[in-house]
Amino acid sequence: MWIQRLDASHALDYRALMLEAYDLHPLAFTSSVRERAVMPLSWWESRLTGKLDRVFGAFEEGKLAGIVGLAFEPREKARHKATLFGLYVTGKAQQRGLGYQLVQAALAEARAHQGLKLIQLTVTAGNEAAFKLYQRCGFVQFGLEPLAVRVGEDYFDKIHMWRELTAESLA
Ligand SMILES: CC(C)(COP(=O)(O)OP(=O)(O)OC[C@H]1O[C@@H](n2cnc3c(N)ncnc32)[C@H](O)[C@@H]1OP(=O)(O)O)[C@@H](O)C(=O)NCCC(=O)NCCS
-6 MWIQRLDASH ALDYRALMLE AYDLHPLAFT SSVRERAVMP LSWWESRLTG
44 KLDRVFGAFE EGKLAGIVGL AFEPREKARH KATLFGLYVT GKAQQRGLGY
94 QLVQAALAEA RAHQGLKLIQ LTVTAGNEAA FKLYQRCGFV QFGLEPLAVR
144 VGEDYFDKIH MWRELTAESL A
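So for the sequence shown, the working numbering puts the first residue at -6; every next one is plus one.
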């Protein structure tokens, strides 16, 4: 297994894995498979090459098996914050530490950015696998957004979490 930053050459595989994630886990993501499936390949490429986004992939036996993204803020007053997004590990690769290592890769990238003080993320209430993983990686809850997403006829809350990138939390 190895983790690397994805570039435009990974756009097709990235698209396939994200569409699988949206399809199999509609409660976990705010984007829907329907709205993302129609996006052109150039949209996925720009996600991988954009100045404000970093996407990392975990490869197993040469195949993309997991992903995570980190988005930076364009506005001057918010540049000390980044958002972790789109964490997904495909079914047969789960429970082997890939999720943890992907979050660690995002944290390492964040640390390399001067001036970055914290990472935020959201996780749908009830997604215990993801919530526990984020807690293990040092994230703490700071809020609960009621009725944050609507999936079908049902509404779900989103837990907001953050992790400070202070010197003592760099270990
Ligand atoms: C949440 C998600 C990314 C976790 O990925 P993962 O690769 O299974 O995560 P890890 O393997 O690092 O950790 C999961 C569990 O495996 C355990 N584990 C880690 N390494 C292990 C190993 N070598 N052997 C056995 N178990 C292991 C961890 O202790 C953890 O246990 P827990 O469930 O009791 O906390 C994955 O379940 C997923 O993609 N879910 C659907 C999409 C989703 O919810 N994304 C998050 C959106 S916010």
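Just so it is clear, CB atoms sit at the ideal spot from N, CA and C, and this is done for glycine as well.
Proximity below 8 Å, CB of residue i to CB of residue j
i    : j    : result
L34  : L5   : yes
A51  : G43  : no
R104 : L158 : yes
Where residue i sits in the DSSP three-state scheme
i     : result
K85   : helix
H3    : helix
V142  : strand
F65   : strand
V48   : strand
M11   : helix
R40   : helix
R(-2) : strand
W155  : strand
D147  : strand
Among the options, nearest to residue i - alpha-carbon criterion
i     : options                   : result
K169  : C130, K74, Q94 and Q(-3)  : What is shown of the chain runs -6 to 164, which leaves residue 169 out entirely.
W155  : A105, R129 and E121       : R129
Y49   : M(-6), R29, A99 and V31   : According to the sequence displayed, residue 49 carries Phe and not Tyr. Answer by Cα proximity: A99.
L(-1) : L95, K125, A123 and A122  : L95
R89   : V133, L126, V31 and S25   : L126
A21   : P139, G136, F124 and G131 : F124
Beta strand (DSSP E) runs wholly inside the stretch 105 to 131, at least 3 long, in chain order: For the beta strand (DSSP E) assignment, the uninterrupted runs of no fewer than 3 residues enclosed by the stretch 105 to 131 are, from N- to C-terminal side, 111 to 117.
Check whether the stretch 141 to 148 and the stretch 92 to 110 touch, using three or more Cβ-Cβ pairs below 8 Å as the test. These segments do not touch.
Using 8 Å as the threshold, is the stretch 10 to 20 in touch with the stretch 75 to 83, meaning 3 or more CB pairs across them? Yes, they touch.
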